[in-house]
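Asker: In UniProt numbering, the protein residues as written are 1 to 147. Ideal Cβ placement from N, Cα and C applies to all residues, glycine included. Predicted model only: the values in this text are computed from it and were never measured. One structure, pasted below without further comment.
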């Protein structure tokens, strides 16, 4: 079977991520709060693979210091087992200090869409905790995610 993670997507990126037993709720389905965690892991892994992450509690680049400003999600069908799923994400807009992501949580083959939504990240100055512009390096990397 060809999977979304093998073929990629027409835009954005796809990261494979695992659903573990402790991610499930009492009904045996993925708890609603865990979707945000899976999206966070997928987006963070993509950036880390490109050198934008945290090491020893410190950002490896200034762009790693950012926070989620908004998060919205619509649930379409439950994830009812453990195992790998795919998170497809992209940028709808890259602003001066903001990045507006769209995302879909899907089966590996992309046939089942479990949830979709958006999230907005804001790059912050660690000293002032105020928004600051993305660096040229981050803009170059992020340009590959734009839908």
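Relative to the ligand GDP, is the shortest distance from any of its heavy atoms to the C-beta of residue 99 smaller than 8 angstroms?
Answerer: The ligand GDP is not part of this structure, which contains no ligands at all.
Asker: What is the DSSP secondary structure of residue 11, reduced to helix, strand or coil?
Answerer: coil
Asker: Output needed for residue 90: all residues of its chain with C-beta closer than 6 angstroms, excluding positions within five of it in sequence on either side, in chain order.
Answerer: 11, 12, 102, 145 and 147
Asker: Exposed or buried, residue 37, counting other C-beta atoms within 10 Å across all chains shown (16 or more means buried)?
Answerer: exposed
Asker: Is the beta carbon of residue 109 closer than 9 angstroms to that of residue 16?
Answerer: no
Asker: Quick one: Cα of residue 128 to Cα of residue 65, how far?
Answerer: 12 angstroms
Asker: What distance in whole Å lies between the Cβ atoms of residue 40 and residue 120, which are believed to be in contact at a cut-off of 8 angstroms?
Answerer: At roughly 13 angstroms, the Cβ-Cβ gap does not stay under 8 angstroms, so residue 120 and residue 40 are not in contact.
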